[in-house]
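Down below is the structure, laid out as structure tokens.
Residue numbers (the working numbering): 44 to 1039.
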């Protein structure tokens, strides 16, 4: 039987593509084209205006990967076109069927170099004039970027991600460069029919409304004369008008629509191309906003606006006007769209501080919310951080329907670890509308019958209406897991390590610079610190920190991190002096007495010391939290020496009176005994410090495959035997990769330190460090920003298991006894529990490396360094202190004597995260602290300088509220995991003394 419905719908589709769309531009005039090819980095438009152009014909190839071609086009508008809308139609040769990845794009300028509009794979029309005079000459300068197509999902084109392997063959051909007139009747009919056709196909087959729309569309097709489409298009629109006039029922669901600028920092193109992409996208969307005032466009990253302010001032001024007119919404509130799971706590604070200040100072608007539509997940610490920065709501992606850990609601209040709640909406994927389509749809067809109602909304308005409609929404507690992470807690380990070290150095630079300013009047480096924070925050973009960018991006990031490290190290030296080793600087928030390793030829002349095989010297040091202490201490009754020896069966035993560690002939740890309790941390018969290789897919689904233990050692030797430090060195290899580990026990330490150097050459393989522990742990506790979260150690669900994220440490324990594993680099851990006849083995594994094939086919190849500490008998407080100590190692200081910290907290559960001078350059000291263990704390902040006033502020150091203080002591009460920011005004200080 003939399917009338199917044939009718096929007829409509054919009419749209074969008749109506070709009639949109009834008259065309080829433009004269000249080209100037640039193989390397882009140049400013001023240079292009002065360049020599050679004639270029439509159909010729252009654009080797990542190159730029400037096209100079010109044509005179015919007199007969007077009164018509004229556009330039330029087709760079991109494939419009490819909806993911990047392709050829361009920014179109006028003859004076003013940017006008962007060219994208599916938007090649550039408005020239709404009503031509006739006879005028149109001259356009087109900056065309030959961005290669890379499909990260399939691996297609990943060789383009590195300029070294990208090649130099042209990728595109210029297919069209015409001056055209647009027939407005055809244009409106085209969008009328597309809107109804889309609605028709979305309705159930048997729905009466679907039949009604199809019949109307077929009547419209019959009305159009195929040989006079433009002349009969208006009549076809009249046929469709009654169908379009049928509005949705008042009870129909309302969709709030907002346009979004689809821009990422990093990802599948380098940062330099993100800058140009901003100019192209913003120009296009601002043009639409000017033509369609009802359209509301959102772009969230302050960094993108800052680039336009600095590099494209004309685009930026158009953005400022659109914001003032109300149809542009800078709603994000952050510097970039960061990876909010992996960025450190203070880094997330600065994302908000710098982002919100930029929006307020440069665009005249205060962002009320957070807009992260691409997030794979979000830490449970996030609601409090966002709320303290002034956010009232949060928008992110809606998970796939089959995602096992997705929240069951689309709109809810999200409760963080401290109890703060944030109104949250999980938005569906945006419709695939480009160019003027979303504006046309929103302006003309807000709610045709059979569809939900559609209304354009500013994001803030949407959330205000949502709050009014749902005053008591459901509550979701804990982290948001929105999409499979696919190994993003681990991949690109050098990027992650560089980020962690940059965060630590920024903490140190601010602490020691503030100390030098208060103690000695050294000018505080406001401008340098601000610049360095902005540079780091850019590298925390969700595609960069997650490791899902092309090779070029990660090479640039590694270079950026190295430069940050050098500059921050100079700031620290400027604040504290040259590191001769006579003192020890402790930037961590806990007091420490531990062994410090100094460079050869440095250190104190007295006290216990130990020469090491590499020429360095170990000394015993002690320092207060956030202050400077002494080195060269002597071993005494409070700190026993460490000893090491080799047994007759080849085991190496290290013992410091607190911990005894046995390393067997294979270089595996066979025993780690907490001598305080006599308890071995390792499960009976099991070995720790095991390096495991897994197939890469097993790293993505932890239950999908077997692992291979690297149990054979090429060399195991005792390198140092005390009295301050003992080390066992182990070498291994796979035939491709090599592994060098130093297992170190120091005098007075309750933790075993493991330094691992890997030359990684594997493919499709992951590397894990494994510790099978004799602990009956129901939960693992993982460090997150300003607190920690708990995860069950069992998996009842029949779903794929991925790693959990932890920042500095992970802890597993039972009543009164536990084990902490701290690390300085990657973030992915998994914990599994295995019953035995005589107890329970809890296996903790840290994923160190992967060897994925895309989007960087050589990701993680080469040399890596990792440091871990294993602390048996650890409480949660011990785990916290171990994580800070590992990531903020003691720093050798000058021979200036011990120095008390500016502030200290008299409560073990309260941690000082940040000490700095206020951003307004008043010279006030800002202290950010939090309750770290998950309980209420009554604490006192002791201040070691004269204080005139104390105020509590938000994260932007604003909205001060007075706090009581007496004799330099500030009483505080904190709820579990609460963050508090205090602003301390120095007595007798003048603002001009604050620094440069």
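Beta carbons: idealized from backbone N, C-alpha and C, even for Gly.
If you're wondering where the values come from, they're calculated on a predicted model, not measured in any experiment.
Sorted by chain position, which residues of the same chain lie with C-beta nearer than 6 Å to residue i's C-beta, five sequence neighbours on each side aside?
i, result
"residue 145", "190, 311, 312"
"residue 634", "667, 668"
"residue 992", "1028"
"residue 535", "590, 597, 902"
Do you know how far the Cα of residue j is from the Cα of residue i?
i, j, result
"residue 47", "residue 284", "24 Å"
"residue 275", "residue 282", "11 Å"
"residue 735", "residue 754", "9 Å"
"residue 599", "residue 379", "17 Å"
"residue 153", "residue 122", "21 Å"
"residue 630", "residue 790", "21 Å"
"residue 803", "residue 876", "29 Å"
"residue 232", "residue 280", "6 Å"
"residue 888", "residue 899", "25 Å"
"residue 798", "residue 706", "15 Å"
"residue 933", "residue 544", "14 Å"
"residue 267", "residue 54", "13 Å"
"residue 626", "residue 671", "7 Å"
"residue 537", "residue 967", "36 Å"
"residue 228", "residue 64", "12 Å"
"residue 929", "residue 83", "42 Å"
"residue 263", "residue 240", "12 Å"
"residue 566", "residue 550", "17 Å"
"residue 389", "residue 427", "13 Å"
"residue 344", "residue 309", "13 Å"
"residue 711", "residue 730", "6 Å"
"residue 812", "residue 574", "37 Å"
"residue 872", "residue 315", "34 Å"
Considering just the uninterrupted stretch of the alpha helix (DSSP H) at residue i, what are its terminal residues?
i, result
"residue 354", "345–354"
"residue 583", "Taken as a continuous stretch (DSSP letters only), residue 583 belongs to no alpha helix (DSSP H), as it is neither H nor E."
"residue 401", "388–406"
"residue 313", "Where residue 313 is concerned, there is no enclosing alpha helix (DSSP H), given that its DSSP letter is neither H nor E."
Please name the residue, chosen from the options, that lies closest to residue i on a Cα-to-Cα basis.
i, options, result
"residue 723", "1014, 917, 905", "917"
"residue 718", "983, 377, 792", "792"
"residue 777", "771, 51, 801, 404", "801"
"residue 1019", "1002, 977, 983", "977"
"residue 511", "522, 466, 1010", "466"
"residue 230", "714, 713, 277", "277"
"residue 715", "652, 698, 819", "698"
"residue 905", "452, 805, 573, 414", "805"
"residue 655", "765, 365, 963", "765"
How is the beta strand (DSSP E) around residue i delimited, first residue to last?
i, result
"residue 763", "758–764"
"residue 77", "75–81"
"residue 180", "180–188"
"residue 682", "Counting along the chain, residue 682 falls outside any beta strand (DSSP E), and DSSP gives it neither H nor E."
"residue 829", "That residue, residue 829, is in no beta strand (DSSP E); it is neither H nor E in DSSP."
"residue 452", "Per DSSP, residue 452 belongs to no beta strand (DSSP E) and is neither H nor E."
"residue 133", "129–134"
"residue 927", "Looking at the DSSP string, residue 927 is not in any beta strand (DSSP E); the run it does join, the alpha helix (DSSP H), is 919–930."
Near residue i, what residues of its chain come up, given a Cβ to Cβ distance below 7 Å and the 5 sequence neighbours on each side ignored?
i, result
"residue 393", "576, 580"
"residue 96", "77, 78, 79, 115"
"residue 299", "498, 500, 505"
"residue 272", "62, 63, 66, 229"
"residue 410", "373, 374, 375, 376, 399, 402"
Between residue i and chain C, is any beta-carbon pair separated by less than 8 Å?
i, result
"residue 348", "The chain labelled as chain C is not found in the depicted structure, where only one protein chain is given."
Confirm the yes/no value for this check: CB of residue i, any heavy atom of the ligand NAD, distance under 7 Å.
i, result
"residue 142", "The model on display carries no ligand, and the ligand NAD is accordingly not part of it."
Quick one: residues in its chain with C-beta nearer than 8 Å to the C-beta of residue i, no 5 flanking neighbours on either side, listed in chain order?
i, result
"residue 124", "70, 175, 177, 224"
Pair every Cβ in the segment 514–534 with every Cβ in the segment 594–614, then say whether three or more of these pairs are closer than 8 Å. no
Any chance the segment 187–204 sits against the segment 104–115, with 3 or more Cβ pairs inside 8 Å? Here the segment 187–204 makes contact with the segment 104–115; the two share three or more CB pairs at distances below 8 Å.
Validate contact between the segment 382–396 and the segment 410–420 using beta carbons, cut 8 Å, 3 pairs: Yes, the segment 382–396 is in contact with the segment 410–420.
Would you call the segment 864–884 and the segment 440–447 touching, i.e. three or more CB-CB distances under 8 Å? no
Would you call the segment 682–697 and the segment 880–896 in contact, with 3 or more CB pairs under 8 Å? no
Is the segment 909–923 touching the segment 208–219, taking contact as three or more C-beta pairs under 8 Å? Cβ pair count under 8 Å is below three, so no.
Are the segment 977–991 and the segment 1007–1027 touching by the rule of at least three beta carbon pairs closer than 8 Å? Contact holds: three or more Cβ-Cβ distances are below 8 Å.
Count Cβ pairs between the segment 844–856 and the segment 759–774 that sit closer than 8 Å; are there 3 or more? no
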